[in-house]
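Heads up, the sequence shown is in our numbering, so the first residue is -12 and it goes up one at a time.
Even glycine gets a Cβ: it sits at the ideal position worked out from N, Cα and C.
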Amino acid sequence: MAPAPTSLFDAEAISPLSGSPLNVVEAEASSFSSEVGVRIAVDRAGALPGLDPAAFDVMVTTRPGPPVPWVGVAPGRLAAQLDTASGMAARNPVATAVLSRVLRIGEQLDFEAALEMESLAYSVLLGGAEFANWLACSPRGSSGEQSASPVRYEREGSCVTLTLASPDNRNAMTAAMRDALFESLANVLEDQSGPSLNLRADGRCFSTGGDLAEFGSARDLARAHIIRTQRSCAALLHRLGDRATVYLHGACIGSGIEVPAAAFRRIGAPDTIIQLPELSMGLIPGAGGTVSLARAIGRHRLMWLVLTAQRLGAKQALDWGLLHAIEP
C-alpha cells in the first residue's frame, strides 16, 4: 500500500493498489493503517465509538442525527454511498488527496490564509491530468445569457440589498458576475456609515455556480491564482462579519454556495438544494468553499459532501449548521 502524501502536492505518494487514496476503516477496529491518503471511519452499528477525529477525513455512522463530526447515513443507503465515494476517489485520486490536505491544513489557518492555500491548490489542479481528462470528455455549453448588470444594488436606510440579477443563466458565477459582486461587496465594506447587507438572488435559484464554458479558459494559472485571491467575494463577505445575511433558494451549486457560506447569517428557503460537484471534474472547491463551508459544518462533513457530490436539502443543511433558519 502506498504511503501517505507527505506534502500538499506529492502526487506520487497517493496511489494505493485500488488506484484511489481512499481507505475505509471499520469503526469497531482498535487501530487503522496510517499509510493511506484519505481515511473514512464507518460505524455500522450506530454506536458512535470514541475515535479520534484527527485520525480521519470522514466519520460515517448509521446513528440518526449524530453529533459533529459524524455523518449520519441510513443503513440501507450506506453501501451505495460508500461505493459512490470510493468511485469518486478512484477516478480522481490526486484531487481527492489534495482536498484532504487542504482541509486538514486549512483548519489550522485564519480564514484568508486558508483561502489563499485553497487557491494555490486549485491552480495546481487546473494544470493536472484529472482536470484535463474531464475537459476532454465533457461537453461544456454556455449556461445562458448573462445580464448586462448582473448585480443590483439597492439601499433603504442603513441596509443595503445586493441581488444576483441574471436569472437567464441561473445567476452563474461567471467572471463578470464575480467581478460585479466583488465591487458591490467592496463598496458596502468601505462605506463609512457601516450599513448591514442582505444578499439575495432573482429567478428560480440562487446560483448554479461557475459557467462551464469558462472552465479551462485560464492559460496563466499563476496569474489566475492572484486574481482569484485578490477578487475573493468570500473574503469580503467574511470581513463584513455580523453585518452580512444571505438568503438562499433553489439550486446553490459549487461557487453558488461556497461564496454565500462565508456570510455571518445564512437563511434558506424550503427548496434550497446544495451541491459541490468539483471533485468529479478533478478539482476541489475553489471559490472559498474549503474554508467557508468547513467552518460552517466541519471538515469531515464537507469531505463527505464533496466525495459523494450528493445534494443537501434545506433541512439537513439546517441540522448541520450551514443554514441558521429556513424561511419562505
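Assigned secondary structure, T49 (DSSP; H/G/I helix, E/B strand, else coil): DSSP places T49 in coil when its eight states are reduced to three.
Cα-Cα separation, S17 to L38: Its pLDDT being 39, under 50, S17 is placed unreliably by the model, and the measurement read from it follows with that caveat. Computed Cα separation, rounded: 9 angstroms.
Cβ pair P182, V138 closer than 7 angstroms: In this structure, P182 lies away from V138, with their beta-carbon atoms at least 7 angstroms apart.
Alpha-carbon to alpha-carbon, Y140 and R165: Rounded to whole angstroms, the separation of the alpha carbons of Y140 and R165 is 14 angstroms.
Cut-off 7 angstroms between Cβ atoms - residues of its own chain near L292, not counting five sequence neighbours on either side: Taking L292 as the centre and dropping the five residues before and after it, the same chain places the C-beta of L263 and L299 closer than 7 angstroms to its C-beta, in chain order.
Chain-order list of residues whose beta-carbon lies under 7 angstroms from that of W307 (same chain, five-residue window excluded): Excluding residues within five positions, the ones whose Cβ falls inside 7 angstroms are I284 and R288.
Local conformation of N10 per DSSP, three classes: Reduced to three states, the DSSP call for N10 is strand.
Contacts around E170, its chain only, beta-carbon distance under 7 angstroms, and the 5 residues preceding and following it disregarded: Counting only Cβ-Cβ distances below 7 angstroms, and skipping sequence neighbours, we find nothing.
G276 classed as buried or exposed, judged by whether at least 16 other C-beta atoms fall within 10 angstroms: By the 10 Å Cβ count, G276 comes out buried.
Extent of the continuous beta strand (DSSP E) run through C192: First-last for C192: undefined, no H or E at that position.
Buried or exposed (CB count within 10 angstroms, at least 16 for buried), E13: Taking all protein chains in view, the Cβ of E13 is surrounded by fewer than 16 other Cβ atoms within 10 Å, so the residue is classified as exposed.
Cβ pair A238, L184 closer than 7 angstroms: Using a Cβ distance threshold of 7 angstroms, A238 and L184 do not count as a contacting pair.
Assigned secondary structure, D306 (DSSP; H/G/I helix, E/B strand, else coil): Here D306 sits in helix by DSSP.
Cβ distance (whole Å) where M160 is taken to contact L294 below 8 angstroms: Rounded to whole angstroms, the Cβ separation of M160 and L294 is 22 angstroms, and the two are not in contact under 8 angstroms.
Under 7 angstroms between C-beta atoms of L235 and T216: Contact flag unset, no.
Residue span of the alpha helix (DSSP H) that contains A28, given as start and end: For A28, no alpha helix (DSSP H) segment is defined; the enclosing uninterrupted segment is the beta strand (DSSP E) at V25 to D30.
Among G255, L309 and L305, the one whose alpha carbon lies nearest that of P315: Ranking G255, L309 and L305 by Cα distance to P315 puts G255 first.
Through-space distance from G196 to R142, alpha-carbon basis: G196 has its alpha-carbon roughly 26 angstroms from the corresponding atom of R142.
Ranges of the alpha helix (DSSP H) found wholly within the region 53 to 131, counting only runs of at least 4: The qualifying runs are 62 to 78, 80 to 93, 98 to 113 and 116 to 124.
Option nearest S242 by Cα separation, candidates R252, E265 and G228: Relative to the Cα of S242, the nearest Cα in the group R252, E265 and G228 belongs to E265.
Nonlocal neighbours in the same chain, by C-beta distance under 7 angstroms from M104, ignoring five residues either side: For M104, where only same-chain residues beyond five positions count, the Cβ hits under 7 angstroms are V89, I92, G93 and L96.
Classification of S20 by the beta-carbon crowding that lies within 10 angstroms, buried from 16 upward: Confidence in S20 is poor, its pLDDT being 37 and thus under 50, which makes the residue's placement too unreliable to answer from.
Neighbour-count burial assignment, P257, 16 or more Cβ in a 10 Å radius: Note on P257: under 16 other CB atoms within 10 angstroms of its CB, so exposed under the neighbour-count rule.
Three-state secondary structure (DSSP) of A(-9): With a pLDDT of 38 at A(-9), under the threshold of 50, the modelled position of that residue is not reliable, and no figure is offered here.
Helix, strand or coil at A221 [DSSP, three-state]: Looking at A221 - three-state DSSP - the assignment turns out to be helix.
E177 and D155 closer than 7 angstroms at C-beta: Contact flag unset, no.
Alpha-carbon to alpha-carbon, A34 and N158: When rounded, the distance between both Cα atoms is 43 angstroms.
Nearest residue (CA-CA) to L310, options V81, P51, R252 and R210: The shortest C-alpha separation from L310 is found at R252.
Closest Cα partner of A349 within the set R282, Q179 and G63: The chain is shown only over -12 to 315; residue 349 falls outside these bounds and no answer can be derived.
Among A72, T49, P56 and L86, nearest to A296 - alpha-carbon criterion: Distances from the CA of A296 to each of A72, T49, P56 and L86 were compared; the closest alpha carbon is that of A72.
Three-way DSSP call (helix, strand, coil) for L184 in this model: Three-state result, L184: strand.
Residues bridged to T295 [DSSP beta-bridge criterion]: DSSP, once it has assigned bridges, lists no residue as partnering T295.
Rounded C-alpha distance that separates D44 from L223: Rounded to whole angstroms, the gap between the alpha carbons of D44 and L223 is 28 angstroms.
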